[in-house]
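Participant: Residue numbers (this note's numbering): 901 to 1111.
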């Protein structure tokens, strides 16, 4: 996650090209958890939402909706997991004691920290908000290169999580949201929540909220 650049006072309408800057960014490193996990109707400690999209399971001939759990584990760490929707799930009761369970298809853990990055942006019409190569999957694609990592993880306050939870649930539940988009939306929302959590804390760097 990088900041939103404002070049209004730097460039003119006829200026065009690229601008290179070094900025503080928020990075989320992915770990795919190994091992066997199950989900039950008791999802204490997790937020739960069902998908409408039926393509959350890779390499499967069976098309099913998914039950998605997500949570904040601690400072800078977030998790998301999902399993096939079935009679084992009773989302109406967080404390349900049903003995039925369903294997977790995937569980992903993201650890967030601050870093210093060199960022390239396009300049056009006095604006420089668009990253060069913005949609590349490579973090060192040329538009954003990590130079040094400051392994200070942001604290995510529960009040900030509540603020973004409805948006995350609505996005994941949308029939148009694929598994890639759903996970991405969750991570970006939690990164934004982390930024909002420490905006007034001098111990943390100032950062914008545009992913």
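All C-beta atoms in this analysis are idealised placements derived from N, C-alpha and C, irrespective of residue type, glycine included.
All of these numbers come straight from a predicted model, not from anything done at the bench.
1. Between which two residues does the beta strand (DSSP E) holding residue 947 run?
2. How many angstroms separate the CA atom of residue 979 from the CA atom of residue 1060?
3. Would you grab the beta carbon distance between residue 911 and residue 1026 for me? Rounded to a whole angstrom, and I think it's under 8 Å.
4. Quick check on residue 1006: does DSSP put it in helix, strand or coil?
5. I'd like to know if the segment 1052–1059 and the segment 932–943 are in contact, where contact means that at least 3 CB-CB pairs between them fall below 8 Å.
6. Can you give me the Cβ contacts of residue 1117 inside the same chain, cut-off strictly under 6 Å, excluding the 5 residues immediately before and after it?
7. Beta carbon of residue 984, beta carbon of residue 946: below 8 Å?
8. Run through DSSP, which three-state label would residue 1089 get?
Facilitator: Reading it off the structure:
1. 947–950
2. 16 Å
3. 5 Å
4. strand
5. no
6. Because the chain is modelled from 901 through 1111, residue 1117 falls outside the range shown and cannot be assessed.
7. no
8. helix
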